[in-house]
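Using my numbering, read the sequence shown as starting at 2 and increasing by one per residue. The C-beta atom is built at its ideal place from N, Cα and C for all residues, glycine as well. Everything numeric in this text was worked out from a predicted model, so none of it was measured.
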Amino acid sequence: MPTRCVVAGCNAASGFESGKGCSFHAFPKDEGLRRKWTSAVKKQRSDWEGPTSTSVLCSKHFEASCFDTEGSRYRDQMGLPAAKRLKPDAIPTIFPRSIDRFEPPGSTSKAPRPAFEKRQQKSIYH
C-alpha cells in the first residue's frame with residue numbers, strides 16, 4: 002500500500018512519486034522536533050489530530066538546505082539516484098496552500114468564484 006504525504010493538498014504517494022525525485026520522511030522520534038513538524042502541518046490542516054506511526058511528509062515540503070548532500074556528487078557520477086536524506090534539525094516550511102482559505106463542505110455561501118464571474122462576463126448569451 003502506498004504511503005501518502007499528510008500535507009493538505011499534496012498528492013504525493015510513495016508508489017508513484019519516489020521515482021520522480023520525491024522522497025518520503027517519517028516524523029522524527031525527537032519529541033521537540035516532532036512537535037515542530039506537527040505544528041507546521043496543523044497550520045495547513047487545523048483539524049488534523051497529529052502523526053501516527055505511518056505518517057510521512059514528502060521532500061516537496063522541505064527547502065534544499067534541509068537535505069544532506071554529502072556523497073551526492075559520487076552518486077551523480079555513477080548514474081545512481083541521489084538519496085534525499087534530511088538533516089537532523091530539518092523542519093518543513095514549504096506548503097503550497099492553506100485549506101483554511103476554502104469554505105468547509107456544506108457551507109451556505111453562494112458567492113460566485115472569480116473564474117465563474119469572468120465566464121459570465123464573456124458569455125454571448127449574457
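How long is the line joining the alpha carbons of residue i and residue j, rounded to whole angstroms?
i	j	result
K44	A9	10 angstroms
K85	G33	22 angstroms
T94	E71	22 angstroms
R36	T53	13 angstroms
C67	H26	12 angstroms
T4	S15	5 angstroms
S47	H62	17 angstroms
E64	M79	25 angstroms
G107	K88	Bear in mind that a pLDDT of 47 at G107, under 50, signals an unreliable position, so the model cannot answer this.
P97	T55	22 angstroms
I92	C11	17 angstroms
V7	G22	18 angstroms
A41	W49	11 angstroms
Within the same chain, show all residues whose beta-carbon is closer than 7 angstroms to that of residue i, passing over the 5 residues directly before and after it, in chain order.
i	result
G130	With the chain represented from 2 up to 127, any question about residue 130 goes unanswered, as that position is not in the structure.
F28	R35, W38, P52, S56
Sort the options by Cα distance to residue i and report the nearest one.
i	options	result
S24	S47, L58, D90, P93	L58
K30	D90, F96, P97	D90
Only counting the same chain, and skipping five residues up and downstream in sequence, which positions put a Cβ closer than 8 angstroms to that of residue i?
i	result
D69	R86, L87, K88
A13	R5, C6, C23, F25, C59, K61
Open item on the list: To test your reading of the DSSP string, which unbroken alpha helix (DSSP H) runs of 4 or more residues are found completely within the segment 31-97?
Closed with: 32-43, 73-78
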